[in-house]
Amino acid sequence: MATYNLKINGKIRQVNVDPSTPLLWVLRDHLDLPGTKYGCGVAQCGACTVHLDGTAVRACQLPASAIGKQAITTIEGLSAKGDHPVQKAWLEHDVAQCGYCQAGQMMSAASLLKTNPKPTDEEIDAYMSGNICRCGTYLRIKEAIKSTAKK
Amino acid sequence: MNTTKTTHNRRSFLKTSLLSGGGMMLSVSWLSSLKAADKQQALNLPEQSVMLNGYIQITADNVIKLLCPNPEFGQNVMTSLPMIVAEELDVDWKNVVVEMGPHDNTKLGPQFTGGSNSIRMYWKPLREAGAAARHLLRQAAAQTWNVPVEEVTTKAGVLHHASGKSANYGEMAGKAASLEVPKDLKLKAPKDFTIVRKSKKNVEGQKIITGKPLFGLDYRVDGMLIAMIQHPPAFGMKLKSFDASQTLKMPGIQDVFSLKLYEDGFEQGGFDTRTFNDLLVVVGKTTWEVMNARKKLVAQWEPIGDTRDTMSGRGGKREVVVPGGLESTSTQLEKMQEQAQKPAQQLRKDGDPETAFQNAAQVIERTYNAPFLAHNCMEPMNFFAHVTADKAILAGPLQAPGWIEPTLSKILNLPADKIEIQMTRMGGGFGRRAYGHYLTEAALISKKAKAPVKLIYTREDDMTYGIYRPMYTATYRAALDANKNLIAFHVKGGGIPEHAIHANRFPAGAVENYLAEGWQIPSNITIGAFRAPRSNFNAAAEQSFLDEVAEAMGKDPIAFRLELLKRAKENPVGKNNEYDPDRYAGVLTLVRDKSGWNKPGNEKYNRGVAAYFCHNSYAAHVVDIVTRDGQPYVERVFSAMDCGIVINPDAATNMVQGAVVDGIGNAFYGALTHKNGAAEQSNFHNYRLIRHNEAPKSIDVYFVENDLDPTGLGEPPFPPVFGAVANALYKNKGKRFYNQPFQNEMEKRM
Numbered sequence: 134m135a136t137y138n139l140k141i142n143g144k145i146r147q148v149n150v151d152p153s154t155p156l157l158w159v160l161r162d163h164l165d166l167p168g169t170k171y172g173c174g175v176a177q178c179g180a181c182t183v184h185l186d187g188t189a190v191r192a193c194q195l196p197a198s199a200i201g202k203q204a205i206t207t208i209e210g211l212s213a214k215g216d217h218p219v220q221k222a223w224l225e226h227d228v229a230q231c232g233y234c235q236a237g238q239m240m241s242a243a244s245l246l247k248t249n250p251k252p253t254d255e256e257i258d259a260y261m262s263g264n265i266c267r268c269g270t271y272l273r274i275k276e277a278i279k280s281t282a283k284k
Numbered sequence: 006m007n008t009t010k011t012t013h014n015r016r017s018f019l020k021t022s023l024l025s026g027g028g029m030m031l032s033v034s035w036l037s038s039l040k041a042a043d044k045q046q047a048l049n050l051p052e053q054s055v056m057l058n059g060y061i062q063i064t065a066d067n068v069i070k071l072l073c074p075n076p077e078f079g080q081n082v083m084t085s086l087p088m089i090v091a092e093e094l095d096v097d098w099k100n101v102v103v104e105m106g107p108h109d110n111t112k113l114g115p116q117f118t119g120g121s122n123s124i125r126m127y128w129k130p131l132r133e134a135g136a137a138a139r140h141l142l143r144q145a146a147a148q149t150w151n152v153p154v155e156e157v158t159t160k161a162g163v164l165h166h167a168s169g170k171s172a173n174y175g176e177m178a179g180k181a182a183s184l185e186v187p188k189d190l191k192l193k194a195p196k197d198f199t200i201v202r203k204s205k206k207n208v209e210g211q212k213i214i215t216g217k218p219l220f221g222l223d224y225r226v227d228g229m230l231i232a233m234i235q236h237p238p239a240f241g242m243k244l245k246s247f248d249a250s251q252t253l254k255m256p257g258i259q260d261v262f263s264l265k266l267y268e269d270g271f272e273q274g275g276f277d278t279r280t281f282n283d284l285l286v287v288v289g290k291t292t293w294e295v296m297n298a299r300k301k302l303v304a305q306w307e308p309i310g311d312t313r314d315t316m317s318g319r320g321g322k323r324e325v326v327v328p329g330g331l332e333s334t335s336t337q338l339e340k341m342q343e344q345a346q347k348p349a350q351q352l353r354k355d356g357d358p359e360t361a362f363q364n365a366a367q368v369i370e371r372t373y374n375a376p377f378l379a380h381n382c383m384e385p386m387n388f389f390a391h392v393t394a395d396k397a398i399l400a401g402p403l404q405a406p407g408w409i410e411p412t413l414s415k416i417l418n419l420p421a422d423k424i425e426i427q428m429t430r431m432g433g434g435f436g437r438r439a440y441g442h443y444l445t446e447a448a449l450i451s452k453k454a455k456a457p458v459k460l461i462y463t464r465e466d467d468m469t470y471g472i473y474r475p476m477y478t479a480t481y482r483a484a485l486d487a488n489k490n491l492i493a494f495h496v497k498g499g500g501i502p503e504h505a506i507h508a509n510r511f512p513a514g515a516v517e518n519y520l521a522e523g524w525q526i527p528s529n530i531t532i533g534a535f536r537a538p539r540s541n542f543n544a545a546a547e548q549s550f551l552d553e554v555a556e557a558m559g560k561d562p563i564a565f566r567l568e569l570l571k572r573a574k575e576n577p578v579g580k581n582n583e584y585d586p587d588r589y590a591g592v593l594t595l596v597r598d599k600s601g602w603n604k605p606g607n608e609k610y611n612r613g614v615a616a617y618f619c620h621n622s623y624a625a626h627v628v629d630i631v632t633r634d635g636q637p638y639v640e641r642v643f644s645a646m647d648c649g650i651v652i653n654p655d656a657a658t659n660m661v662q663g664a665v666v667d668g669i670g671n672a673f674y675g676a677l678t679h680k681n682g683a684a685e686q687s688n689f690h691n692y693r694l695i696r697h698n699e700a701p702k703s704i705d706v707y708f709v710e711n712d713l714d715p716t717g718l719g720e721p722p723f724p725p726v727f728g729a730v731a732n733a734l735y736k737n738k739g740k741r742f743y744n745q746p747f748q749n750e751m752e753k754r755m
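Line order of the protein sequences matches chains A and B. Following my numbering, the numbering of the first sequence begins with 134 at its first residue and continues without gaps. Following my numbering, the numbering of the second sequence begins with 6 at its first residue and continues without gaps.
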């Protein structure tokens with residue numbers, strides 16, 4: 134066990150966990166932040182996507198010991214009132230079906246748009262293909278991302 | 006049309022009661038119930054499953070709260086079902102608050118999500134619930150204002166009288182609750198709808214986009230422990246012994262034990278399917294600790310021989326032999342080929358197919374195969390349970406809590422009223438969560454651990470210990486005469502452990518000489534419903550075959566189908582044809598027109614078409630393939646649907662688009678194979694799901710416009726995608742593909 138002071142959604146949160154514990158389970162089991170989802174545990178589905186210093190990473194592959202001072206943003210912290218442009222676009226396009234993968238999809242999309250504000254279809258495909266949606270809402274996700282890019 | 010009767014039990018009652026705070030609660034119950042034995046039937050034959058409930062609360066300050074009776078797994082019933090109530094209640098949708106109802110089959114109806122039934126079975130009772138409440142409110146206003154009730158009108162939640170008097174529903178709700186519910190209710194004409202048929206956003210949208218704890222896996226209480234099960238390494242094996250000493254030394258671990266899910270002779274209902282009966286359980290404080298500690302278990306497993314399961318069913322209980330052995334996909338395929346040559350059970354026969362085939366100028370025969378499929382819900386199976394001596398509280402993702410409650414009641418020896426099952430939002434279902442064994446497992450673990458427990462399946466557990474879509478095969482034969490007329494049609498289908506044949510579906514009824522046969526091979530690999538059970542294979546095989554027959558006849562595939570449907574309408578062959586030829590033809594002509602089928606401007610596409618009827622709705626797709634980076638890519642799809650009145654058009658479009666994407670993915674990539682009883686795929690690195698870059702650029706969805714009572718959409722658009730993909734792939738590759746998944750077959754053959 135080791136103690137870590139993690140910067141999560143703008144606050145310092147202290148946790149005492151085994152150093153190998155992936156951020157995913159630190160968030161879900163220790164910090165009551167269940168918005169970040171478990172889908173595969175092997176970085177194949179993207180449901181656990183969070184931002185590490187603003188860049189999308191898979192929380193299931195990031196051990197607590199490797200985070201250090203890097204700032205973590207989860208879906209709960211993407212915006213104060215749920216009004217990040219990506220979140221607004223998701224509502225506007227009524228993207229979700231079951232909704233389970235969508236936090237990860239939005240975190241990936243927000244990260245993409247930060248570095249590439251007007252991505253092409255191919256760039257969206259390339260960036261988003263690590264995020265699986267079993268309900269098949271890919272077309273709406275792309276529409277939502279493109280509508281954000283236009284604004 | 007199917008002649009199975011819709012049985013609304015008429016012992017219905019409406020009752021009102023006062024809420025504390027002066028509001029009104031209206032509940033409607035139809036006191037019919039689904040017998041355990043009819044449950045399988047209910048999923049297959051939605052016509053028989055109708056027991057309903059609506060639930061309306063209006064507070065004194067005019068908040069309209071509508072409870073959703075049915076579990077939500079992404080089909081958007083939490084929005085669409087309350088829309089139906091709100092329509093007849095005549096309220097402003099903006100004032101409506103929706104909550105998931107509690108599980109209570111007596112008060113709230115069957116509460117199952119499956120068989121594309123939710124809208125269909127709740128349509129009428131929810132309308133009546135809304136209309137009854139509206140009437141009571143008008144009566145209350147009439148009495149208060151001392152005017153005849155006929156003169157009281159409503160608009161968007163406000164009561165009016167020509168004298169200028171008006172009141173909102175909240176003001177009259179208290180009085181309305183004291184009135185008698187009217188016997189005859191007048192429902193709106195579809196032309197007067199103001200909510201139904203107008204797109205409404207998902208009522209849980211804001212919660213979804215902000216990551217609120219909606220799902221079973223998010224559910225937690227103080228002091229909750231985490232449990233995982235170590236399953237046998239293969240189907241056909243069971244636990245012999247185990248050594249937990251290393252596991253118990255791991256941090257956070259509280260207990261390791263084995264337990265039996267069902268005692269010998271336990272009478273299983275149709276949805277009590279479980280993968281394994283002997284469970285080895287690790288219980289600890291956190292997920293990561295339990296995951297790691299489980300790896301330290303030392304367990305011995307042993308093969309089991311034939312075993313007997315006791316099943317309850319119509320006509321009493323029966324024994325089913327589950328064969329022993331460690332099965333492999335390759336040997337299963339051989340067994341299926343062998344069995345396919347043997348006589349099978351006749352399911353339907355019209356005319357004299359044997360003679361017609363003997364006299365045929367040309368016989369076309371093709372065999373189609375499809376593998377087991379894993380459901381792969383993005384939220385793996387999990388359930389919370391807190392079982393004490395006198396009570397059980399459970400929460401999690403489940404399609405039909407009422408189907409598992411009797412099982413739980415027997416196993417825990419608790420009366421049903423001491424069992425509370427909370428329905429969390431499901432991260433997908435696709436049929437998998439109709440089988441609640443993981444809830445029962447969680448309950449037994451909680452009981453043994455004497456603590457609130459969350460049972461979690463890892464992705465690997467979820468995929469390798471599934472309740473899969475069966476493995477199917479079917480051989481189709483068509484006889485043509487010298488003038489290339491179709492004179493006979495024969496299908497012989499089989500599968501492990503069931504065949505997929507729906508003998509009374511198209512093209513039955515359209516061909517003079519027709520024969521359908523089925524056979525099955527039992528297996529210890531567990532199977533269950535998977536989005537549009539059986540149809541998901543039939544539509545692939547049959548619709549590919551019809552395409553090939555049309556080609557041999559020199560006919561356009563749509564024109565050929567329309568000719569058959571014309572025959573089925575004007576001079577139907579045989580009895581019990583399950584489909585309505587007009588509606589079937591309707592989706593075909595709609596997709597033909599919208600896709601510009603055979604029209605110039607589409608030359609760059611390799612086009613394939615398919616249509617199918619299942620779960621009471623009609624679907625047709627045109628799939629357009631191009632070659633991209635040397636690979637076939639479905640770039641564009643046109644879809645036509647007939648599901649009667651479309652409650653929530655934008656969400657319905659989303660569902661159809663999703664079904665198309667799902668269909669393309671499963672047709673190209675979906676497969677679960679076994680070697681010596683063990684699944685060969687365990688996670689998304691080796692079980693391929695369709696991803697962003699493989700989804701079409703556009704999926705244009707069109708609905709046939711009519712005023713027919715609505716039917717479901719979760720399943721019907723899915724099956725014909727497979728057939729349309731296969732037919733477009735033929736145009737792209739110049740070869741027909743008969744074995745799913747097509748990507749594997751392409752790699753083998755190209």
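Glycine included, every Cβ here is placed at the ideal spot set by N, Cα and C.
- Not flagged as an interface residue toward chain A: Ala624 (chain B), since no C-beta distance is shorter than 8 Å.
- For Pro725 (chain B), the three-state secondary structure derived from DSSP is helix.
- B:Arg313 is the residue among B:Gln636, B:Arg313 and B:Arg438 whose C-alpha sits nearest the C-alpha of Asn529 (chain B).
- When C-beta distances to chain A are compared with 8 Å, the residues of the stretch 656-669 of chain B below that value are Ala656, Asn659, Met660, Gln662, Gly663, Ala664, Val665, Val666 and Asp667, in chain order.
- For Met431 (chain B), at least one C-beta of chain A is nearer than 8 Å to its own C-beta.
- Residues of chain B with a Cβ closer than 9 Å to the Cβ of Ile208 (chain A) are, in chain order, Ile214, Thr215 and Gly216.
- Residue environment for Val326 (chain B): exposed (fewer than 16 other C-beta atoms within 10 angstroms of its C-beta).
- Only residues of its own chain outside the window of five on either side were considered, and among them Ala379 have a CB closer than 6 Å to the CB of Gly471 (chain B), listed in chain order.
- By the Cβ neighbour-count rule, Val651 (chain B) is buried, with 16 or more other Cβ atoms within 10 Å of its own.
- Chain B places no beta carbon closer than 8 Å to that of Gly201 (chain A), leaving this residue out of the contacts.
- For Asp227 (chain A), there is no enclosing beta strand (DSSP E), as DSSP marks it with neither H nor E.
- Listed along chain B, the residues sitting closer than 7 Å to Val175 (chain A) by beta-carbon distance are Asn688 and His690.
- In terms of Cβ geometry, Leu399 (chain B) and Ile426 (chain B) form a close pair [threshold 8 Å].
- Look at Thr531 (chain B) here: in three-state DSSP terms it is coil, with no helix or strand label.
- At a cut-off of 8 Å between beta carbons, Leu272 (chain A) contacts chain B.
- Tyr174 (chain B): member of the alpha helix (DSSP H) spanning Tyr174 to Ala181, first to last residue.
- Within chain B, no C-beta atom comes less than 7 Å from the C-beta of Gln147 (chain A); the nearest is roughly 16 Å away.
- DSSP places Lys140 (chain A) within a strand segment (E or B) once states are collapsed to three.
- The beta-carbon separation of Ala197 (chain A) and Val150 (chain A), rounded to 5 Å, stays under the 8 Å limit for a contact.
- Cβ proximity to chain A below 8 Å picks out Pro256 from the stretch 233-266 of chain B.
- Non-local C-beta neighbours of His108 (chain B) in its own chain, meaning closer than 8 Å and more than five positions away in sequence, comprise Gln116, Pro406, Gly407, Glu410, Glu425, Ile426, Gln427 and Met428, ordered along the chain.
- Within chain B, no residue has its beta carbon less than 7 Å from that of Ala282 (chain A); the closest one is some 15 Å off.
- Chain A places no beta carbon closer than 8 Å to that of Thr118 (chain B), leaving this residue out of the contacts.
- Linking Tyr267 (chain B) to Gly174 (chain A) through their CA atoms gives a straight-line distance of about 31 Å.
- Chain B has no Cβ within less than 8 Å of the Cβ of Ser198 (chain A).
- Per DSSP, the beta bridge partners of Trp306 (chain B) are B:Leu244.
- Chain-ordered, the chain B residues with CB closer than 7 Å to the CB of Tyr233 (chain A) read Phe220, Met383, Glu384, Gly432 and Gly433.
- With fewer than 16 neighbouring CB atoms inside 10 Å of its own CB, Ala394 (chain B) falls in the exposed class.
- Pairing Tyr674 (chain B) with Val578 (chain B) gives a Cβ-Cβ distance that is not under 8 Å.
- Within 8 Å of the CB of Ile704 (chain B), the CB atoms of chain A belong to Leu272, in sequence order along the chain.
- Interface with chain B (8 Å Cβ-Cβ cutoff): Gly143 (chain A) is excluded.
- Taking C-beta separations shorter than 7 Å and ignoring five residues to either side along the sequence, the partners of His140 (chain B) in its chain run Pro187 and Leu190, following chain order.
- Under the Cβ criterion (8 Å, minimum of three pairs), the stretch 615-631 of chain B counts as touching the stretch 715-726 of chain B.
- According to the DSSP assignment, Ser263 (chain B) belongs to no alpha helix (DSSP H) but to the beta strand (DSSP E) extending over Ile258 to Lys265.
- By the rule that beta-carbons nearer than 8 Å mark a contact, Asp355 (chain B) does not touch chain A.
- In the DSSP assignment, Thr169 (chain A) falls outside any alpha helix (DSSP H) and carries neither an H nor an E.
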